[in-house]
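One structure below.
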Amino acid sequence: MKRILTGDRTTGNLHLGHYVGSLQNRVKLQDDYDTFILLADIQALTTHFERPELINSSIYDVAIDNLSVGLDPNKVTIFQQSKIPSIAELTIFYSMLVSVNSLRHNPTIKTEAKQYGYDDLSYGFLGYPVSQTADITFCKADLVPVGDDQIPHIEQSRKIARRFNDLYGKGEIIIKEPEILLSENSRLMGLDGNAKMGKSLGNAIYLSDSIEEVNKKVRAAKTDINRIKVSDKGNPDICTVSKYHKVFNEGEYKNICDMCKNASIGCVSCKKILGDKINNLLEPFREKRNYYENHKSEVKEIIISGSEKANKIGNETVKEVKSAMNILI
Ligand code: ATP
Ligand code: MG
């Protein structure tokens, strides 16, 4: 079986962007791939190092988010990054193979640095694509289902793998070059319509939101600002709600856009339809979430046994890597 590695930073609950960008593919592929889900608590430190308690509590939250959408703990391996020392070791080795300039020019690093208001980047933040390469390669993953912000990072990972193999492989592949898997909706915009939906941006609908919270957020979503009265004709091209209809209500999307353009539907009704669609999607997840929230010790066991399994695999990889690099005693 080929292997998948993907995951999420433990910086808070997951949202609809995670779902359509990556989680949906994880669920779809779990029968055909040996799937590894990373709870990235070390990568979370790159921006949240001052909030260790949030990172810690989010380990459960993110694990439960993944389980609630239908990942089967009997099939997939869910594990905690800080429990896998081989990832840290590989990060050090890989860091010799990456130029600081290539990291500085990484477009996602630039966007995120701006979002967080960093002008002088920490060594850890600048280097997170390197540690992410270790996350992916410690278990020799073939495929990485992620959102489109990850494109430059996976490209960086492939370069590191190639460089490593060229330098130390003696004609053999020691580090597998991972492939990216983008979903149809690899970038979901936030409710504000300004940036991608993000945990740290205050513009998200969370998988854990209640029916009322979803409806309230959808009601507040940005629409065409030129449409003031119901009788004004709308422009779906500049309306966040219409973008969400395309993703969560594809069957009615075209019809709703037409009705908006000829003013035969108002924003209130349009938002009501969307809120219902999103709630229909989330309803079965809520049931599973409820189960795991009430069985936290089961979740803990899933993470502990997943981390043990990942550790064994990582230790083997580090042995091979050290041997290839001639780091022997
Ligand atoms: P943070 O603000 O803490 O960085 P995040 O929302 O960017 O949070 P991550 O844990 O960094 O979440 O991302 C986990 C995965 O979800 C990645 O594969 C990322 O590409 C994907 N993802 C995150 N936000 C979106 C989005 N709005 N649309 C599509 N995919 C997304
Ligand atoms: Mg992110």
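Numbering (my numbering), first residue to last: 1046 to 1374. For every residue, glycine included, the Cβ atom is placed at its ideal position computed from N, Cα and C. As the structure is a computational prediction, the values presented were derived from the model and not from experiment.
Taking the DSSP output, what are the residues bridged to residue i?
i, result
"A1085", "R1054"
"P1190", "L1226"
"M1234", "K1241"
"D1079", "R1048"
"H1060", "Y1251"
Which residue marks the beginning of the beta strand (DSSP E) containing residue i, and which one marks its end?
i, result
"T1122", "T1122 to Q1125"
Would you kindly work out how many angstroms separate the C-alpha atoms of residue i and residue j, rounded to a whole number?
i, j, result
"Y1105", "F1124", "11 Å"
"P1223", "D1211", "16 Å"
"E1332", "I1323", "15 Å"
"F1209", "L1188", "19 Å"
"K1244", "L1059", "7 Å"
"A1108", "H1198", "23 Å"
"A1179", "R1149", "19 Å"
"N1101", "T1080", "23 Å"
"L1142", "A1158", "23 Å"
"A1009", "L1084", "Lying before the first or after the last residue shown, residue 1009 is absent from the chain, which here runs from 1046 to 1374."
"K1207", "R1272", "Strictly speaking, residue 1207 in this sequence is Arg, with Lys absent from that position. Taking the straight line from one Cα to the other gives about 53 Å."
"K1367", "G1172", "21 Å"
"C1312", "Y1168", "46 Å"
"L1205", "V1259", "The sequence given here places Ile at residue 1205; Leu does not occur at that position. Cα to Cα, I1205 sits roughly 42 Å from V1259."
"K1047", "A1355", "15 Å"
"D1303", "S1287", "11 Å"
"L1252", "G1057", "11 Å"
"Y1023", "T1051", "Nothing can be reported for residue 1023: it is not among the residues displayed for the chain, which extend from 1046 to 1374."
"I1137", "N1294", "46 Å"
"G1296", "N1248", "25 Å"
"S1103", "T1055", "5 Å"
"D1254", "R1334", "11 Å"
"I1310", "I1270", "16 Å"
"H1063", "I1218", "32 Å"
"E1365", "K1120", "27 Å"
"N1239", "I1250", "15 Å"
"C1305", "Y1298", "11 Å"
"E1454", "K1317", "Lying outside 1046 to 1374, the shown extent of the chain, residue 1454 is not represented and no answer is given."
"N1151", "V1145", "10 Å"
"T1268", "D1164", "33 Å"
"P1097", "V1275", "48 Å"
"D1237", "A1265", "9 Å"
"F1170", "H1093", "10 Å"
"G1162", "T1156", "10 Å"
"S1147", "I1132", "21 Å"
"N1371", "C1184", "21 Å"
"N1300", "E1200", "39 Å"
"S1231", "T1285", "16 Å"
"A1186", "S1202", "11 Å"
Considering just the uninterrupted stretch of the alpha helix (DSSP H) at residue i, what are its terminal residues?
i, result
"G1028", "Residue 1028 lies beyond the range of the chain shown here (1046 to 1374); nothing can be said about it."
"D1321", "C1312 to E1338"
"V1344", "K1341 to A1369"
"H1290", "T1285 to F1293"
"F1170", "Y1168 to L1171"
"T1268", "From DSSP, T1268 is part of no alpha helix (DSSP H); its letter is neither H nor E."
"F1016", "Past the boundaries of the shown model lies residue 1016; the chain is included only from 1046 to 1374, so the question cannot be answered."
"M1074", "Contrary to the premise, residue 1074 reads as Leu rather than Met in this sequence. Element bounds for L1074: Q1069 to L1074."
"D1106", "P1097 to S1113"
"Y1161", "P1152 to Y1161"
"S1147", "V1145 to R1149"
If residue i and residue j are in contact, beta carbons under 8 Å, what's the gap, nearest whole angstrom?
i, j, result
"S1127", "D1086", "5 Å"
"G1449", "G1066", "Residue 1449 lies beyond the stretch modelled for the chain, which goes from 1046 to 1374, so this question has no answer here."
"Y1337", "V1344", "5 Å"
"I1082", "L1116", "7 Å"
"Q1088", "Q1177", "7 Å"
"V1263", "L1319", "5 Å"
"V1363", "L1135", "7 Å"
"V1175", "Y1139", "5 Å"
"T1182", "G1351", "Incorrect: roughly 18 Å between the Cβ atoms, too far for contact."
"L1233", "L1061", "6 Å"
"P1388", "I1349", "Any question about residue 1388 goes unanswered here, given that the chain covers just 1046 to 1374."
"L1246", "N1070", "Not quite, the Cβ-Cβ distance comes to about 22 Å (not below 8 Å), so this is no contact."
Please list, following the chain, all residues that have a C-beta closer than 7 Å to any non-hydrogen atom of ligand 2. Environment of ligand 2, chain-ordered: R1054, E1157, D1194 and G1243, taking every residue with Cβ within less than 7 Å of a heavy atom.
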